[in-house]
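Written below as structure tokens is the structure these notes are about.
Residue numbers (the numbering used here), protein chains in the order written: chain A, 1 to 164; chain B, 1001 to 1164.
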């Protein structure tokens, strides 16, 4: 189901390429936050009843490439937040880098019209393609900021927020 | 200075109205996070060497309306992160609601072409109008998520992230 383009859309607020760069800029910062954690604390440290940062990062990995795969035209996959190989910081950073390449490759297959179509992301969350992608990015900023607090409470200086 | 519209922009990823709704959805969630804090902890509680949530919220207030005012065509103002009247949770919630109305009113004066022009936000940060607004939103998500950790560490359940 697609919504009709209106007069308002003739000059775009942001292009597809800019949205990709915006997300990859955030993903580059998230990578630096992962790298800033000591190995043990990455997997074990948390505040309140929250998850360790490694578990949040697995959620981000579970969303990004599978989410874009579905947008490109694949079937909706179930959200799998536990990733077998994600058992060390080095492995997670390597999964992160692979996802960076996969996102770039898949993104090229998203037509401009596709952003305004409606999908059921992961078979459960209805929204337009653009709002789904914004959710992926916002959710990453949200969890990464929680990683910032973990680092601060461990006495570790996190990378500056504006460094992408 | 404006960049030229390209073929890619003929179908917009997101319209101006959608971007406003997206931001106001986030602002509505941030309001709920402010409301969830006990008065004393809102102004005094923090983790590590971080600021209390009230100070972060003052930063968000200092960015939103002054930032959009400049985009609409006003002069760049200096970033003033201390707001005299922001001395109680009730006053801050009332400043928040006033900002909500101000943003809606000012937004109507932003032309579509304006999003692609370059500004020096607050006299110091160079970028396109769209990237400046994205920064305002991302910065709000970032600090609000830190408020989530404060609430969790106080044993208070924050509002769900997807509730806008």
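C-beta: ideal position from N, C-alpha, C; glycine also.
Going by C-alpha distance, which of the options is nearest residue i?
i	options	result
residue 150 of chain A	A:35, A:52, A:13 and A:32	A:52
residue 1130 of chain B	B:1146, B:1110 and B:1141	B:1110
residue 121 of chain A	A:69, A:18, A:54 and A:24	A:69
residue 77 of chain A	A:115, A:63, A:84 and A:18	A:63
residue 1081 of chain B	B:1054, B:1135 and B:1098	B:1054
residue 1075 of chain B	B:1115, B:1124 and B:1023	B:1124
residue 126 of chain A	A:71, A:37 and A:85	A:71
Would you mind telling me which residues of chain B sit closer than 7 Å to residue i, beta carbon to beta carbon, in chain order?
i	result
residue 130 of chain A	1013 and 1014
Under 7 Å between the Cβ atoms of residue i and residue j?
i	j	result
residue 1030 of chain B	residue 1164 of chain B	no
residue 1141 of chain B	residue 138 of chain A	yes
residue 161 of chain A	residue 89 of chain A	no
residue 13 of chain A	residue 1046 of chain B	no
residue 1092 of chain B	residue 1057 of chain B	yes
residue 33 of chain A	residue 155 of chain A	no
residue 61 of chain A	residue 95 of chain A	yes
Could you tell me the distance, in whole angstroms, from the CA atom of residue i to the CA atom of residue j?
i	j	result
residue 1073 of chain B	residue 1106 of chain B	10 Å
residue 1011 of chain B	residue 59 of chain A	31 Å
residue 1 of chain A	residue 153 of chain A	Any reading at residue 1 of chain A must be qualified, since the residue scores a pLDDT of 40, below 50, and its modelled position is unreliable; the value itself is stated next. Distance between the alpha carbons of residue 1 of chain A and residue 153 of chain A: 47 Å.
residue 9 of chain A	residue 113 of chain A	Reliability fails at residue 9 of chain A, whose pLDDT of 48 lies under 50, so the model's placement of it is uncertain and the value that follows must be treated cautiously. Distance between the alpha carbons of residue 9 of chain A and residue 113 of chain A is about 11 Å.
residue 1040 of chain B	residue 1087 of chain B	11 Å
residue 1119 of chain B	residue 1067 of chain B	11 Å
residue 1132 of chain B	residue 26 of chain A	15 Å
residue 1100 of chain B	residue 1135 of chain B	17 Å
residue 1035 of chain B	residue 1097 of chain B	12 Å
residue 157 of chain A	residue 28 of chain A	17 Å
residue 1117 of chain B	residue 128 of chain A	27 Å
residue 1038 of chain B	residue 1159 of chain B	14 Å
Counting only beta-carbon separations shorter than 7 Å, does residue i have a partner in chain A?
i	result
residue 1003 of chain B	Residue placement at residue 1003 of chain B is flagged as unreliable, the pLDDT there being 45, under the threshold of 50; the coordinate-derived value follows with that caveat. Closer than 7 Å: no.
residue 1019 of chain B	yes
residue 1161 of chain B	yes
In chain B, what lies closer than 8 Å to residue i by C-beta?
i	result
residue 152 of chain A	1047, 1048, 1049 and 1050
residue 141 of chain A	1138, 1141, 1142 and 1145
Counting only C-beta atoms, is residue i closer than 7 Å to chain B at any point?
i	result
residue 149 of chain A	yes
residue 87 of chain A	no
residue 115 of chain A	yes
residue 42 of chain A	no
residue 112 of chain A	yes
residue 8 of chain A	Unreliable positioning characterises residue 8 of chain A in this predicted model, as indicated by a pLDDT of 48, which lies under 50. A coordinate reading is not provided.
Interface residues of chain A around residue i at Cβ under 9 Å?
i	result
residue 1055 of chain B	By Cβ distance, chain A contributes nothing, its closest Cβ being about 14 Å from residue 1055 of chain B, past 9 Å.
Determine the chain A residues that contact residue i at a beta-carbon separation under 7 Å, and present them in chain order.
i	result
residue 1037 of chain B	Neighbours of residue 1037 of chain B on chain A: none; closest Cβ ~14 Å, over 7 Å.
For residue i, go through chain B and note every residue whose CB falls closer than 9 Å to its CB, in chain order.
i	result
residue 134 of chain A	1014 and 1022
Any heavy atom of the ligand MG closer than 6 Å to the Cβ of residue i?
i	result
residue 1029 of chain B	Questions concerning the ligand MG fall outside what the structure shown contains, since it holds no ligand whatsoever.
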